[in-house]
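Count the sequence shown with mature numbering (1 follows the signal peptide of the UniProt record, and there is no 0) and you get residues -16 to -1, 1 to 419, in order. Ideal placement from N, C-alpha and C gives every residue a C-beta, glycine not left out. Here's the structure we're looking at; comments come further down.
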Amino acid sequence: MFRMFFVLLVFSTGGGILISKIDNNILIGNISESLWNITQNQCICEMIQSNGIISTLNYFSTNQTCQLFYTNDSSILVESNLNSSLIFTNQSAIFIAQNQITSTTITSSSTSTTTTTTSTTTTVCSQPTWSQTATTIFGSSAGASGSTLSLLYEPIGMYYDDPNNMLIVADSKNQRILRFSLDNPPSVATVIAGSNGYGCNMNQFEAPDGIGVDSSGQLYVTDYFCSQVVRFPSNSNSTTSGTRLGSVALPTLISINQLTNDTYVVSNNDNAVYKFVGGSGSAVVTAGGNGNGTALNQLLGAVGVYYDYLYTNSLYVADSGNNRVMKYPSGSTSATYGTVVAGGNGAGSGGHQLNDPRSIVVDSNGTLYIADSNNNRIQRWLQNTSNGTTIVGGTLGTASNQLYFPETVLFDKYNNLLVSDRYNNRIQMFNLTTC
């Protein structure tokens, strides 16, 4: 077990309320509310004025973001995070929680007790490194496809279930959604949706691409060839019929804001990103939708989407046909002009270029991690830079240091890198080595 030491500062407000502060650490738990463009003192006032409903907050000084937490968490997980502060009132509930704080390092494993939530945080140091050789955690390490429950056939979307350390995979050409544990990866996975033949009925898929899970554990699946988004209950299996959330022309990947359940879906056909407000109702355009093109209010064959509700409160889109990643502010519409934050220099393999980027994830430093699919690599792109660096891959093949059209990239709770290696029909894990 890795032992964590804190420098704990205790101070008092004018009204006599004791406040404690731990610098360079944050709480991982159920977020009550996130506030942006706010000072640390204003954030503390929000906590105090809640009359005990809120007793803990994270403050990120780099982007003036505040995360407020309910008082009734009985156990918590704390992670290190530069340029941040964990601030809390000195209540008994917090003291109990502090006795249960545990952590992990990259050289030894430990168990943490934490509140159950579907939120996934990506909190890493500024430039960590990963093993250049991966472990195949599911599918064929040799790249073989198949329809048994031990094999995959062109996996595309993934969703990481942080509290349970489980992975959900869209096994696209097998028309099914699979789930399995990362604690002890099984030889076979469990079907949680589909696997009932090729079709557009509510218990079938033709080409499941993207996966999302909302704050209540409901599963959302985009079906590319059926042009629909289907929602399943949290306990679904192969016999469960879902309900149609809505129709989207050739939908690809999906991202859900866990604070609001706003659901973002890319339409590859419409060159647009649609938002289902609160995970229901009619969709509205939140990016693109102005025809295909290279203008900053246009997209071209977009595939990936990531809504960062934790750190930047922004929408990121893998604008695949334009070989770039676009960033949009919260509340964007079809009239909003985005910002190019990676690529946009033509298709290529240079450090300043991308070639058919398919998905994005953003960490607590605002760094982008991009599945650069036609370059068979994962790129890291720091904020406000004009070049990315290759962190894994870069060569087409089936070897453990190679990829073949990576589709989705994400991190587990230990900051290991997970990649759906589409045409190798496998899920690869690159272990974190230094931070």
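Counting other Cβ atoms within 10 Å of its Cβ, Ala233 stays below 16 and is therefore classed as exposed. Nearest in C-alpha terms to Ser370, of all of Ala177, Asn400, Glu391, His336, is His336. Between the stretch 337 to 351 and the stretch 312 to 324 there are fewer than three inter-stretch CB-CB distances shorter than 8 Å, so the stretches are not counted as touching.
In the displayed model, Gly305 falls within a helix according to three-state DSSP. A direct Cα-Cα distance of roughly 19 Å separates Gly288 from Asp396.
A distance below 6 Å between beta-carbons, with the five flanking residues on each side excluded, links Gln367 to the following residues of its chain, in chain order: Gly350.
Relative to the Cα of Tyr290, the nearest Cα in the group Thr417, Thr40, Asp246, Ile152 belongs to Asp246. Annotation for Glu30: the continuous alpha helix (DSSP H) segment containing it runs 24 to 32. Every beta strand (DSSP E) stretch that sits fully inside the stretch 122 to 194 and reaches 3 residues is listed by chain position as 139 to 145, 150 to 155, 160 to 165, 174 to 178. In the three-state reduction of the DSSP assignment, Val346 falls in the strand class. For Tyr291, the enclosing beta strand (DSSP E) covers residues 288 to 292. Leu166 counts as buried, since at least 16 other C-beta atoms from the protein chains shown sit within 10 angstroms of its C-beta. Annotation: Gln386 is outside any beta strand (DSSP E) and is labelled neither H nor E by DSSP.
For Leu380, the beta-bridge partners assigned by DSSP are Leu387.
By the Cβ-count criterion, Ala271 is buried, with 16 or more other Cβ atoms from all chains shown falling within 10 Å of its own Cβ. Contact between Gly305 and Thr236 is ruled out by a C-beta separation of about 12 Å, above the 8 Å threshold.
Under the three-state reduction of DSSP output, Asn42 falls in the strand class. For Ser231, the enclosing beta strand (DSSP E) starts and ends at 227 to 231.
With respect to Ser179, Ser134 sits apart: the two C-beta atoms are not nearer than 8 Å.
Around the CB of Gly265, fewer than 16 other CB atoms lie within 10 Å, so the residue is classed as exposed. Nearest in C-alpha terms to Phe389, of all of Ile375, Asn415, Ile362, is Ile362.
Restricting attention to Ile22, Asp145, Pro147, Gly141, the CA atom closest to the CA of Val153 is found in Gly141. Look at Asn65 here: in three-state DSSP terms it is strand. Excluding sequence positions up to five before and after Gly328, its CB lies within less than 6 Å of the CB of Arg308, all in the same chain and listed in chain order. DSSP places Cys50 in the uninterrupted beta strand (DSSP E) bounded by 49 to 54. Contact between the stretch 276 to 286 and the stretch 217 to 234 is absent, with fewer than three C-beta pairs closer than 8 Å. Residue range 212 to 216 is occupied by the beta strand (DSSP E) that includes Val214. If you look at Ser115, you'll find it isn't in any beta strand (DSSP E); DSSP assigns it neither H nor E. For Ala355, the enclosing beta strand (DSSP E) begins and ends at 352 to 356. DSSP, reduced to helix, strand and coil, places Asn281 outside both helices and strands of the structure shown, so it counts as coil. Ranked by how close their Cα comes to the Cα of Ser218, the residues Phe209, Gln188, Arg163 have Arg163 in first place. Relative to Leu11, the option among Gly36, Gln51, Asn47 whose CA is nearest is Gln51.
When only Cα atoms are considered, Val376 and Ser404 end up about 13 Å apart.
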